[in-house]
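Asks: In this note's numbering, the protein residues as written are -10 to 415.
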């Protein structure tokens, strides 16, 4: 006959239902008693799909996590495969529109996109920039070929030391980073160059050819969120966790709308800064490492106003970047995602998701507004990443995209690692 203690199922609280929390909860559900806490009224974090009414019926339009690929998202793809999540191929072209000079071009759409404005064929400055792109790729590869993995010299220093032109920096180098990481152009100069190039190389973005195939989730990213949720027994939305008290053999969770509850273990799958705030008694290493991460807030609008798209038709791309006013002090990036192109949405109405331009969009065209936060990877933050795994204990594990490059695969990977730490490997 088994004793009561031998029959005890380990209880685990997972705080946060972004991809990190969902991945951890999904793996822990077998063999553990899992409770998922989410402060918002919906699950998913940056996996955020809006139901939009059309003449042909409702469609799902994403506004946060949109794309993944078949090369650098292996764990997310595995999760999708297990859940039978349908995906469709898409393309990842990107345009640059410099309103100060009127220059417009698109990468990833062949020569027609590069020379979306035919007069640029005889624009010496523009053609010179294109030649600098190849030199940039070679120089970045040289940095990666170096042996110093701890090199935290910045992107700005790299561009200056290698003598890239101001035109190239404004029209290519800064948009490349600012657009991908949703951060201001000046802040992007502070990113560690080697760290940045490792990501770009991993995603096939340090060469003209060789990019992976990109995909979107059919019906929107909520498809996978709903399927993970359906596999869990105890999911609590509108349940903001306000305090986590750790004791010798467990933790006590305080959450809005619920009595305090004791668990054996907790996965804290939030932004780093939020994880630090939740802890009643953060250790000095937790203060140092979790406190090393800053976040950029991006005001995000789902809308149907085409005014922020390139005026040159052939420059219209999946991602469309407006260069900032050079007189403004590091304003956040203005990027417009063309959702019809990305998600394969049919019909004549065009849908866009724009970051950081709420005053430039016709209010009558706005469908939804929200804020998303993205980690800013300064040298301090990248150095802190090396110690994050060491914060995990017998009762506490941390997860979140800040453990990697800040993308959906990084969040998924951190959730998988947290589950494995508590004895639930994939």
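C-beta atoms are modelled at their ideal positions from N, C-alpha and C, and glycine is treated no differently.
#1: Identify which residue in 309, 27, 288 has its Cα closest to the Cα of residue 297.
#2: If contacts are defined as beta-carbon pairs under 8 Å, then residue 25 and residue 225 qualify, I think. What distance do you get, rounded to the angstrom?
#3: Could you tell me whether the Cβ atoms of residue 417 and residue 21 are closer together than 8 Å?
#4: Roughly how many whole angstroms lie between the Cα atoms of residue 314 and residue 192?
#5: Do you know offhand how far residue 170's Cα is from residue 130's?
#6: Ordered along the chain, which non-local residues of its own chain (more than five positions away) have a Cβ less than 7 Å from that of residue 76?
#7: What does residue 243 pair with, by DSSP beta-bridge criteria?
#8: Given a threshold of 16 other Cβ atoms within 10 Å of its Cβ, counted over all protein chains shown, does residue 71 qualify as buried or as exposed?
#9: Look up residue 401 in the DSSP assignment and say whether it is helix, strand or coil.
#10: Which residues does DSSP list as the beta-bridge partners of residue 87?
#11: In whole angstroms, give me the CA-to-CA distance for residue 382 and residue 134.
#12: On a Cα-Cα basis, can you pick out the residue from 152, 290, 178 that is closest to residue 145?
#13: Taking the DSSP output, what are the residues bridged to residue 309?
#14: In whole angstroms, give me the CA-to-CA distance for residue 343 and residue 257.
#15: For residue 202, count neighbouring C-beta atoms within 10 Å of its own C-beta (all shown protein chains included) and say buried if the count is 16 or more, exposed if not.
#16: Just to confirm before moving on: does the CB-CB distance between residue 153 and residue 186 stay below 8 Å?
#17: For the beta strand (DSSP E) holding residue 27, just list the boundary residues, first then last.
#18: With DSSP run on the structure shown, which of helix, strand or coil describes residue 285?
#19: For the beta strand (DSSP E) that contains residue 160, what are its first and last residues?
#20: If you check the beta carbons only, do residue 245 and residue 229 fall under 8 Å apart?
#21: Please state the DSSP three-state secondary structure of residue 412.
#22: Provide the residue(s) that pair with residue 51 in DSSP beta bridges, ordered along the chain.
#23: Mapping DSSP to helix, strand and coil, what is residue 65?
#24: Which first and last residues belong to the alpha helix (DSSP H) in which residue 153 is found?
#25: Taking the beta carbon of residue 322 as the centre, do at least 16 other beta carbons fall within 10 Å, making it buried, or is it exposed?
#26: My assumption, with CB atoms under 8 Å, is that residue 392 sits in contact with residue 399. Please give the rounded CB distance.
#27: At the level of alpha carbons, what is the spacing between residue 259 and residue 114?
#28: So, for residue 79: in the same chain, excluding its five sequence neighbours on each side, which residues have a beta-carbon less than 8 Å away from its beta-carbon?
#29: If residue 281 sits next to residue 378, beta carbons under 8 Å apart, how far is it from one beta carbon to the other, in whole angstroms?
#30: So, for residue 401: in the same chain, excluding its five sequence neighbours on each side, which residues have a beta-carbon less than 6 Å away from its beta-carbon?
Replies: According to the structure data:
#1: In the chain shown, the residue the question calls residue 297 occupies position 308. Nearest neighbour of residue 297 by Cα position, chosen from 309, 27, 288, turns out to be 309.
#2: Taking the first residue of the chain shown as position 1, residue 25 is located at position 36. Taking the first residue of the chain shown as position 1, residue 225 is located at position 236. Going by Cβ atoms, the distance from residue 25 to residue 225 rounds to 7 Å, so yes, they are a contact pair.
#3: Any question about residue 417 goes unanswered here, given that the chain covers just -10 to 415.
#4: Residue mapping note: residue 314 aligns to position 325 of the chain shown, counting from 1. Residue mapping note: residue 192 aligns to position 203 of the chain shown, counting from 1. So the two alpha carbons sit approximately 29 Å from each other.
#5: Numbered from its first residue, the chain shown carries residue 170 at position 181. Numbered from its first residue, the chain shown carries residue 130 at position 141. One C-alpha to the other measures close to 20 Å.
#6: What you label residue 76 is simply residue 87 of the chain shown in a count that begins at 1. Only 69, 204, 205, 206, 207 meet the Cβ criterion.
#7: If you number the chain shown from 1, residue 243 lands on position 254. BP columns for residue 243 point to 232.
#8: Counted from its first residue, the chain shown places residue 71 at position 82. Exposed.
#9: Translated into positions along the chain shown, residue 401 becomes position 412. Helix at residue 401.
#10: Residue mapping note: residue 87 aligns to position 98 of the chain shown, counting from 1. Answer is 92, bridged to residue 87.
#11: For this step, residue 382 is matched to residue 393 along the chain shown. For this step, residue 134 is matched to residue 145 along the chain shown. Between residue 382 and residue 134, the C-alpha separation is close to 36 Å.
#12: Residue 145 sits at position 156 when you count from the first residue of the chain shown. Cα-wise, what sits closest to residue 145 is 178.
#13: Position 320 of the chain shown, counting from 1, holds the residue named residue 309. Per DSSP, 84, 325.
#14: Residue 343 sits at position 354 when you count from the first residue of the chain shown. Residue 257 sits at position 268 when you count from the first residue of the chain shown. Taking the straight line joining both Cα atoms gives about 30 Å.
#15: The residue labelled residue 202 in the question sits at position 213 within the chain shown. Classification of residue 202: exposed, given that the 10 Å Cβ count is below 16.
#16: Here residue 153 refers to the residue found at position 164 when the chain shown is read from its first residue. Here residue 186 refers to the residue found at position 197 when the chain shown is read from its first residue. No, these two residues do not count as a Cβ contact at 8 Å.
#17: Counting from one through the chain shown, the residue named residue 27 turns up at place 38. No beta strand (DSSP E) contains residue 27, which DSSP labels as neither H nor E.
#18: Counting from 1 along the chain shown, the entry for residue 285 is found at position 296. Strand at residue 285.
#19: As a working note, residue 160 is residue 171 in the chain shown. First-last for residue 160: undefined, no H or E at that position.
#20: Position 256 of the chain shown, counted from the first residue, corresponds to residue 245. Position 240 of the chain shown, counted from the first residue, corresponds to residue 229. Yes; because the gap between Cβ atoms is below 8 Å, this pair is in contact.
#21: Locating residue 412 in the chain shown gives position 423, where the first residue counts as 1. Three-state result, residue 412: coil.
#22: Position 62 of the chain shown, counted from the start, is the residue given in the question as residue 51. According to DSSP, which records beta bridges pairwise, residue 51 is partnered with 38.
#23: The sequence position of residue 65 within the chain shown is 76, counting from 1. Helix, per DSSP.
#24: Here residue 153 corresponds to residue number 164 of the chain shown, with the count starting at 1. Taken as a continuous stretch (DSSP letters only), residue 153 belongs to no alpha helix (DSSP H), as it is neither H nor E.
#25: The residue given as residue 322 occupies position 333 in the chain shown. With 16 or more Cβ atoms within 10 Å of its Cβ, residue 322 is classed as buried.
#26: As a first step, residue 392 must be located in the chain shown, where it is residue number 403. As a first step, residue 399 must be located in the chain shown, where it is residue number 410. Confirmed, Cβ separation roughly 6 Å.
#27: Residue numbering aside, residue 259 sits at position 270 when the chain shown is read from its first letter. Residue numbering aside, residue 114 sits at position 125 when the chain shown is read from its first letter. Using only the alpha carbons, I get a separation of about 45 Å.
#28: Position 90 of the chain shown, counted from the start, is the residue given in the question as residue 79. The residues are 56, 203, 204, 205, 307, 330, 331, 332, 333.
#29: Along the chain shown, one-based indexing puts residue 281 at 292. Along the chain shown, one-based indexing puts residue 378 at 389. Actually they are not in contact, since the Cβ atoms of residue 281 and residue 378 sit about 15 Å apart, beyond 8 Å.
#30: Here residue 401 corresponds to residue number 412 of the chain shown, with the count starting at 1. 8, 12, 64, 65.
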